[in-house]
Amino acid sequence: MKKTLPALFLAAACICGPSVHAENPVPAWHAPVASAAQQELRFQNGDVTLSGTLYLPEGKAKVPAVVLTHAAAAPTREYALYDHLVRALPAAGMAVLVYDRRGSGKSGGKAGEGFDVLADDAVAGARALAANPRIDARRIGYWGLSQGGWLAVLAANRSPGTAFAISVSAPVVTPDVQMNFAVANLLSVRGHDAAAVRAALDARHAVDDFTMGRAARDAAAAKLQAVENQPWFDLAFIPRADELPAEPRSSTWYKQMTHDPLVEVAKLKVPVLFLFGADDPWIPVADTVQRLQQLAPRQPRMSWRVIPNANHRMAHPLRENMDFDVEHLQREAPDSLDYMAALVAWLGRTAGLK
Numbered sequence: 026m027k028k029t030l031p032a033l034f035l036a037a038a039c040i041c042g043p044s045v046h047a048e049n050p051v052p053a054w055h056a057p058v059a060s061a062a063q064q065e066l067r068f069q070n071g072d073v074t075l076s077g078t079l080y081l082p083e084g085k086a087k088v089p090a091v092v093l094t095h096a097a098a099a100p101t102r103e104y105a106l107y108d109h110l111v112r113a114l115p116a117a118g119m120a121v122l123v124y125d126r127r128g129s130g131k132s133g134g135k136a137g138e139g140f141d142v143l144a145d146d147a148v149a150g151a152r153a154l155a156a157n158p159r160i161d162a163r164r165i166g167y168w169g170l171s172q173g174g175w176l177a178v179l180a181a182n183r184s185p186g187t188a189f190a191i192s193v194s195a196p197v198v199t200p201d202v203q204m205n206f207a208v209a210n211l212l213s214v215r216g217h218d219a220a221a222v223r224a225a226l227d228a229r230h231a232v233d234d235f236t237m238g239r240a241a242r243d244a245a246a247a248k249l250q251a252v253e254n255q256p257w258f259d260l261a262f263i264p265r266a267d268e269l270p271a272e273p274r275s276s277t278w279y280k281q282m283t284h285d286p287l288v289e290v291a292k293l294k295v296p297v298l299f300l301f302g303a304d305d306p307w308i309p310v311a312d313t314v315q316r317l318q319q320l321a322p323r324q325p326r327m328s329w330r331v332i333p334n335a336n337h338r339m340a341h342p343l344r345e346n347m348d349f350d351v352e353h354l355q356r357e358a359p360d361s362l363d364y365m366a367a368l369v370a371w372l373g374r375t376a377g378l379k
């Protein structure tokens with residue numbers, strides 16, 4: 026299903042200003058600021074070697090740390106999405122590990138693995154941090170945006186001793202529900218009418234039913250063939266009929282559809298923060314908040330906040346067009362001050378930032 030968007034599409038993004046990887050001229054009046062030491066870090070999950078960069082605060086004291094889990098559309102450490110954390114957190118006294126997802130960048134393994142495998146990669150990163158003499162092993166947690174938010178929660182459940190989890194723009198509905206919500210909004214934003222939205226969702230439901238074993242391949246193929254020439258087809262993130270797998274359970278989409286994020290949230294034993302953009306067209310924020318409210322009596326260490334005027338990337342675009350062009354995703358990043366304030370304040374209380 027090469028046209029199926031990885032569940033929970035994560036339009037990635039950078040903090041306001043240029044990437045930390047860019048070189049900027051230094052004016053004569055420049056004053057020194059706290060800097061972060063960088064260490065290349067390679068670690069193992071089974072027979073797969075993953076490669077990343079560890080950003081450490083100045084000094085010799087032990088510090089808390091956060092492992093960044095990947096947005097679906099931001100698989101490597103160079104994506105601007107991660108720069109705001111690399112900029113802000115070491116200066117506040119927290120180490121940051123950002124690594125290349127398996128099958129991407131300098132990391133080994135193959136792309137397209139299920140969420141359990143990706144979460145275990147993050148857990149392996151946390152183990153590597155715990156062995157570092159600068160890291161306080163009792164204060165290591167996970168941060169992720171969109172699909173990465175699901176992975177942050179999953180990694181926390183699979184990692185004894187985790188201190189916290191932060192999930193940004195990740196709903197607590199299943200991936201198929203999230204993607205149907207996103208596709209309906211995407212077609213509307215791009216100017217397609219209600220009939221087109223209904224037809225796209227009907228085709229998506231047919232693919233989902235086939236993927237989960239509720240319908241035959243021929244039935245799904247017939248639905249797809251009927252709409253393959255529609256102008257909105259490439260916006261629906263579904264395969265063409267001849268691209269349907271013979272065995273859907275081997276597909277990445279099957280691995281993702283079987284993940285229920287609310288089940289994982291209910292299992293958490295550590296503090297968790299959920300942050301959502303009030304103007305996020307990619308995920309059903311209102312439904313997600315309602316589900317969290319229902320769960321709250323059984324999860325007293327859970328917090329959430331809806332950030333005003335923010336979209337999926339915790340940014341304030343002049344006009345939301347749900348752009349998912351690769352070059353756009355590589356350079357876009359959070360620029361919401363409300364998001365950063367909420368994040369750092371919560372980490373200060375939870376992880377003991379200075």
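Following my numbering, the numbering of the sequence shown begins with 26 at its first residue and continues without gaps. All residues carry an ideal CB built from backbone N, CA and C; glycine is no exception.
Taking 8 Å as the threshold, find out whether the segment 268–280 comes into contact with the segment 231–238 through three or more Cβ pairs. yes
Inter-residue spacing [alpha-carbon to alpha-carbon] between glutamate 253 and leucine 211: 17 Å
In or out: glutamine 250 buried (at least 16 other Cβ within 10 Å) or exposed? exposed
Which runs of the alpha helix (DSSP H) spanning at least 4 residues fall entirely within the segment 224–275, listed in chain order? 242–252
Count the other C-beta atoms from every protein chain shown that fall within 10 angstroms of the C-beta of alanine 228, then say buried if there are 16 or more, exposed otherwise. buried
Please state the DSSP three-state secondary structure of methionine 327. strand
To the nearest angstrom, report how far apart alanine 156 and phenylalanine 140 are at their CA atoms. 25 Å
Short of 7 Å in beta carbon distance, which residues of its chain neighbour threonine 375, apart from the five on each side in sequence? Order them along the chain. Phe189, Pro296
For the beta strand (DSSP E) that threonine 78 lies in, which residues bound it at each end? 73–81
Would serine 60 be called buried (16 or more neighbouring beta carbons within 10 Å of its own) or exposed? exposed
For proline 52, does the three-state DSSP call read helix, strand or coil? coil
Leaving out the 5 sequence neighbours to the left and right, which residues in its chain are closer than 6 Å to lysine 27 when beta-carbon positions are compared? Only weak support exists for where lysine 27 lies, its pLDDT of 39 falling under 50; the value from the coordinates is given anyway. Same-chain partners within the cutoff: there are none.
On the DSSP letters alone, give me the boundaries of the alpha helix (DSSP H) that tryptophan 175 sits inside. 172–182
Can you tell me whether proline 322 is buried or exposed? The criterion is at least 16 other CB atoms within 10 Å of its CB, across all chains shown. exposed
Alanine 47, buried or exposed, once every other Cβ within 10 Å from all chains shown has been counted against 16: For alanine 47, the predicted structure reports a pLDDT of 47, less than 50, and the residue's modelled location is therefore unreliable. A value from the coordinates is still provided. It is exposed - the Cβ of alanine 47 has fewer than 16 other Cβ atoms within 10 Å.
Which listed residue (Gln355, Ala105, Ala99, Gly166) has its alpha carbon closest to that of valine 92: Gly166
Can you tell which of Thr101, Pro200, Val142, Arg356 has its C-alpha closest to the C-alpha of alanine 180? Val142
I need the straight-line Cα distance from proline 89 to alanine 120, nearest angstrom please. 6 Å
Put arginine 316 into one of helix, strand or coil per three-state DSSP. helix
Inter-stretch contact (C-beta, 8 Å, three-pair minimum) for the segment 313–329 and the segment 218–228: no
Classify arginine 223 as buried or exposed, calling it buried when 16 or more other Cβ atoms lie within 10 Å of its own Cβ. exposed
Would you kindly work out how many angstroms separate the C-alpha atoms of aspartate 243 and alanine 116, rounded to a whole number? 57 Å
Alpha carbon to alpha carbon, how far is proline 342 from glycine 173? Give it in angstroms, no decimals. 22 Å
According to the neighbour-count rule (16 or more other Cβ atoms, all chains shown, within 10 Å of its Cβ), is proline 309 buried or exposed? buried
From alanine 99 to glutamine 319, what distance separates their C-alpha atoms? 32 Å
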